[in-house]
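J.: If you scroll down you'll find the structure; I have some questions about it.
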């Protein structure tokens, strides 16, 4: 059995090693393509190991360097970090497998560069998950942005480049201009940036200033795609589908909501927020984002664009949970990271599979295609149900807990918002499935079969199902978060 | 070049005395008013007067640009060498007393040598400046 | 015996070695050899500075008497924690800039001029070291002019590629000479009151001297003169053109070390010479220097945003960064002064790297680097451009880079004095600085190279210094203990009174 | 009042010279005139220093053994000697630059130079591929 120290080192370095080795392994494409999934398995084992230790009440630590007093380069795994680490590493295995199938099936160029930066992005996500303080979190948050830029602009077309520019300018701009001052503010007023259970801002800053600081964080974390800084997400849809899966499920947006949750739980402290009502405005803003982006999603005919707006909406569920700042809502939000990851990655895998096999990108073209690609559409169906929150699928737990949390804290209107949003979900997520199975075919396309793009979505769909029954593990971790 | 015989004769007569006067100021500088700066300018004045009357080319024949440059370097080196030697003899930079070990002779020799270096450099720098400006047009058209 | 002689004479050697090597490099017939001399000169200075720093680390104050004449009659060199830190920063960056200069100079300067180039180079460096060490107010003026005149020559040599360098050099000469003369006038007044030129002596005699108006006038002239040299708004106007049109190697060296020396002298004027008359210093700092520093930060940043020429853009940015340093020093608290010193070091690293990389671009492009010409250069010259990126991130103040440490300590120092207006202005300007950096990075990395653009050849000769500086930015961002500690000592030494 | 002014007439001259020089530096567009202004400005400072060191009735500071002799302060003279050298160097360098500027721009008038700068720069690149932008 490896020591915790080793496990953390392995979890952080394995993706990096994969990234460094990829160019050298490229002499044989099989080696290169095997490196990703193998690295994923190794990272995942390390993540499980660390998560089990966290469940036992430990805090695995890895100290790197002391920058100045009160500022250390250190990793320390919180329960929330353990969960995110599990999600990122576990889904990387499937995503790596899937991207091999996608890239090959699509005959994309620069596959080596793609695989290398993919691994760097996962490395950054793992480091964000296990970061020991806000400074480390910020640094790897930025590295995540930089490493995904070549992925977003992979096609190197003018469109891709414009999207990449928007992606970078919003993410880097918000983080440098808003997030970094917020981090410095915390350091100046408390002298530390560590994550502590129960938070430590209470009594350290003026409660009247708390909403401003929270706003710096909420808008500084552009990756959480809160309106009005959500524009980068739909734009980034020009990227190949495995990248979208990475952005939406594995790393990028999850790192965003992870940051907000971490800040709320371990820096502000939910009690502090609940008492001062500093997060009140955020509740309403995220509720607005949930509804508004659902509405926009309905109008989109492009599958990936629709899924992108769906993601914006789902992310705001998590922000909402954090903003309500009650124990149960935060747990719900945490679980939603896991559930949404499993569900959304399924949907993206399916969208990509449809594109690779039949070259269809529009929902209106899907009529009758369900019979051609039954596994893909079935997986899409299950994924969609999980996102909507219908038992017996994982998504139902988190949504249920969020609703309970909203009612407990007296936000009855929010209950209505969540209900309405679920209805909209039903409409825009199930439309592709119903068209695929129940409409007559409008377009005859040649469907070529690529097993590597079909198996991963089926697996993640099964995962969504399993998460409903085996939620205990994550729920226990989530519970640890709020016990201070 | 100036063809006026009055100028030419006067310049020829004055050339040597000016340099003599310069040398007097130079070597008187260790214990009286005078020194390298003033002497350097005076000596340079003699050469400049010569070049003004007899032409730049004639001036350069006495001291070529190359020699002039090396004179500059030599002067600075003499100055620096005194400092280095005084340091090597266990004193501080430009500590003349350390040169011979006694205040009287050390200060005497030190100042004399240093002022010589200064004089050499000032002479050559003044000449270089004169030739640089006076010869600018010629050099460019070459 | 020899070792001991060298050890006791370190302060003198630091200045004498570059100054004495200068004439030799001017007359050497081979360009490469002149460069070797310059490298040796700056290298020895760097070693000497490091040794001095290790001595002063324990709070020791070295007083070196030139010619063994006791101060206040003789000229005194003083090395304490404050000057030794400045010396280490300047000599280290000077050495790296020299290392990078070989290739850049070979491209931009005619071979027959390169001997003179390195001679002037050594004069600038040696003069700046003397400027930092000397405790004699008039000797300071001499060193000031040695380095200023030599740097005018260096700037003028940019005329080989762009004739505007001549005008830039001329303006620098005139404005700089007026500034230096102002300083001399000031020294004259203070000399008239105190009858001494030694800074420590001045400090001890000023409180009792019946100065009256002469004290104010002298102080004002001295400060005004040094403000010009340090390029503090609004007398910074010479700087953008001078750095912008100078040869790349010169921009690197000047941006990294030249204004640092003048800033250090300003600090010495405020906290050493006039330590005995704190009332006028306080008035000047809080009513004049702080507003000017903040003004400089804004003007520099905004000008940089509207500038399309890359070298000039970062020259404007230097004006802003000088403002940050001046602001830290002008807070006059231990935290503020140490923040200023931290940024003296870090800004030297940042700007040194940035101008070196720009030099690499210019050399490869064979044209001025502007937003148009560097389009897509990130992929055409990845190694140089990545180092540029690192230094740029450091300039923006991203964590794990040296620039972050500077900003952090500056902000903390401002907070300690409860000046929230200044804090807000600093934060706003810092956010604005992201704008021009973003503009450059966007053009470099996110736009395709123009069609039919020639293939660019990278310049391996500058890899070593460039990457040493770039990695230095990261190293001092992760392990800031050394510079923070040294800066704190420097602040203590400066505020502790005495020369 | 008059007496007071008369007593410090040297300083008044210094101030007049200083202002004249500074005015020329700032207001003249001709680069050579600027340089002349700078020289006047610097010279005024030299006079200022030297008059500082002059004692009324003092003689040259050469010891003559008589304790009653009044000496002028020699230090300002020494300082100014150095300052003069610096001034000469400054002037020489400035004039040299003006010559080069005249060569490159065909003018020593500042406004004409600015106009010429805007049009195009004189590019004498060493590399064949290079061409100065602007």
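Protein chains in written order, with our numbering: chain A, 20 to 503; chain B, 168 to 309; chain C, 893 to 1391; chain D, 1358 to 1491. Glycine is no exception: its CB is placed at the ideal position from the N, C-alpha and C atoms.
For the alpha helix (DSSP H) that contains residue 938 of chain C, what are its first and last residues?
T.: Its alpha helix (DSSP H) spans residues 923-948.
J.: If you count every other CB in all the chains shown that lies within 10 Å of the CB of residue 1093 of chain C, and 16 or more means buried, which is it?
T.: So residue 1093 of chain C counts as buried.
J.: Go to residue 874 of chain C, then tell me how far its alpha helix (DSSP H) extends in each direction, as first and last residue.
T.: With chain C covering 893 to 1391 only, the question about residue 874 of chain C has no answer from this structure.
J.: Mind listing the chain C neighbours of residue 180 of chain A? Cutoff is C-beta to C-beta under 9 Å, in chain order.
T.: Within chain C, the residues near residue 180 of chain A are 1338, 1339, 1340.
J.: Among the residues of its own chain, which have a CB less than 6 Å from the CB of residue 1206 of chain C, if the five just before and after it don't count?
T.: Same-chain partners within the cutoff: 1246.
J.: Nearest by alpha-carbon distance to residue 1052 of chain C: which of C:1217, C:923, C:1006, C:1104 is it?
T.: Here the closest residue by C-alpha is C:1006.
J.: Is residue 204 of chain A buried or exposed, if buried means 16 or more other CB atoms sit within 10 Å of its CB?
T.: Residue 204 of chain A is buried by the Cβ-count criterion.
J.: For the alpha helix (DSSP H) that residue 1058 of chain C lies in, which residues bound it at each end?
T.: Where residue 1058 of chain C is concerned, the enclosing alpha helix (DSSP H) stretches over 1056-1086.
J.: Return the CA-CA distance between residue 151 of chain A and residue 1303 of chain C, expressed in angstroms with no decimal places.
T.: Distance between the alpha carbons of residue 151 of chain A and residue 1303 of chain C is about 23 Å.
J.: Please report the straight-line C-alpha distance between residue 1375 of chain C and residue 1173 of chain C, rounded to a whole angstrom.
T.: Their backbone Cα atoms lie some 27 Å apart in a straight line.
J.: Of all the residues that make up the segment 186-200 of chain A, which are near chain C by a beta-carbon distance shorter than 8 Å?
T.: If the cut-off is 8 Å between Cβ atoms, the segment 186-200 of chain A has 187, 188, 191, 192, 195, 196, 199, 200 near chain C.
J.: So residue 276 of chain A and residue 486 of chain A are supposed to be a Cβ contact under 8 Å. How far apart are they, rounded?
T.: With 8 Å as the limit, residue 276 of chain A and residue 486 of chain A do not qualify as a contact, their Cβ atoms being about 18 Å apart.
J.: Taking the straight line between their C-alpha atoms, what separation do you get for residue 248 of chain A and residue 1161 of chain C?
T.: Those two C-alpha atoms are separated by around 49 Å.
J.: Does the separation of the CB atoms of residue 1114 of chain C and residue 1154 of chain C fall below 7 Å?
T.: No, Cβ-Cβ distance for residue 1114 of chain C and residue 1154 of chain C is not below 7 Å.
J.: If the cut is a Cβ gap below 9 Å, which residues of chain C does residue 240 of chain B touch?
T.: Chain C residues near residue 240 of chain B: 915, 916, 918, 919.
J.: Judging by CA-CA distance, which residue of B:220, B:254, B:210 is the nearest neighbour of residue 294 of chain B?
T.: Nearest of B:220, B:254, B:210 to residue 294 of chain B, Cα basis: B:210.
J.: Determine which residues of the segment 1200-1233 of chain C have a Cβ less than 7 Å from any Cβ of chain B, and write them out in chain order.
T.: From the segment 1200-1233 of chain C, no residue has a Cβ closer than 7 Å to chain B.
J.: Report the neighbours of residue 1304 of chain C on chain A: residues whose CB is nearer than 7 Å to its CB, in chain order.
T.: Ordered by position in chain A, the residues that pass the 7 Å Cβ test against residue 1304 of chain C are 207.
J.: Measure the alpha-carbon distance for residue 1421 of chain D versus residue 200 of chain B and round it to whole angstroms.
T.: Those two C-alpha atoms are separated by around 14 Å.
J.: For a contact meaning CB atoms closer than 8 Å, what does residue 1405 of chain D contact in chain C?
T.: The answer, in chain order, is 1077, 1080.
J.: Would you be able to state if there are at least three C-beta pairs under 8 Å between the segment 220-237 of chain A and the segment 194-210 of chain A?
T.: Result yes; three or more Cβ-Cβ pairs closer than 8 Å.
J.: Between the alpha carbons of residue 921 of chain C and residue 1012 of chain C, how many angstroms are there, rounded?
T.: For residue 921 of chain C and residue 1012 of chain C, the distance between alpha carbons rounds to 16 Å.
J.: Is residue 247 of chain B close to chain C? Criterion is C-beta to C-beta, closer than 7 Å.
T.: Interface residue, yes.
J.: Report the option in A:353, A:176, A:193, A:172 whose CA atom is closest to the CA atom of residue 160 of chain A.
T.: It is A:193 whose Cα lies nearest to the Cα of residue 160 of chain A.
J.: Would you check if there are 3 or more beta carbon pairs closer than 8 Å linking the segment 898-910 of chain C to the segment 925-940 of chain C?
T.: With the cut-off at 8 Å, the segment 898-910 of chain C and the segment 925-940 of chain C touch.
J.: Which residues of chain A have a Cβ atom closer than 7 Å to the Cβ of residue 1366 of chain C, listed in chain order?
T.: Neighbours of residue 1366 of chain C on chain A: none; closest Cβ ~11 Å, over 7 Å.
J.: Ordered along the chain, which non-local residues of its own chain (more than five positions away) have a Cβ less than 6 Å from that of residue 1329 of chain C?
T.: Within the same chain, residue 1329 of chain C has close Cβ partners 1284, 1288.
J.: Spell out whether any CB of chain B is found under 7 Å from the CB atom of residue 1048 of chain C.
T.: No, its Cβ sits nowhere closer than 7 Å to a Cβ of chain B.
J.: Please list, in chain order, all residues of the same chain as residue 258 of chain B whose beta carbon is under 6 Å from its beta carbon, the five residues on each side excluded.
T.: For residue 258 of chain B, where only same-chain residues beyond five positions count, the Cβ hits under 6 Å are 265.
J.: Whose C-alpha, out of A:322, A:329, A:280, is nearest the C-alpha of residue 309 of chain A?
T.: Out of A:322, A:329, A:280, A:329 has the C-alpha closest to the C-alpha of residue 309 of chain A.
J.: Return the CA-CA distance between residue 1473 of chain D and residue 1038 of chain C, expressed in angstroms with no decimal places.
T.: Spanning the two alpha carbons is a distance of roughly 31 Å.
J.: Which runs of the beta strand (DSSP E), 3 residues or longer, sit entirely within the segment 205-266 of chain A?
T.: Within the segment 205-266 of chain A, no complete beta strand (DSSP E) run reaches 3 residues.
J.: Output the boundary residues of the alpha helix (DSSP H) element that contains residue 1124 of chain C.
T.: First-last for residue 1124 of chain C: undefined, no H or E at that position.
J.: What did DSSP end up calling residue 381 of chain A once you bin it into helix, strand or coil?
T.: Three-state result, residue 381 of chain A: strand.
J.: Can you find the residues in the same chain that come closer than 6 Å, C-beta to C-beta, to residue 22 of chain A, ignoring five residues on each side of it along the sequence?
T.: So no residue of the chain qualifies.
J.: Return no unless some Cβ of chain A is closer than 7 Å to the Cβ of residue 1292 of chain C.
T.: It does; some Cβ of chain A falls within 7 Å.
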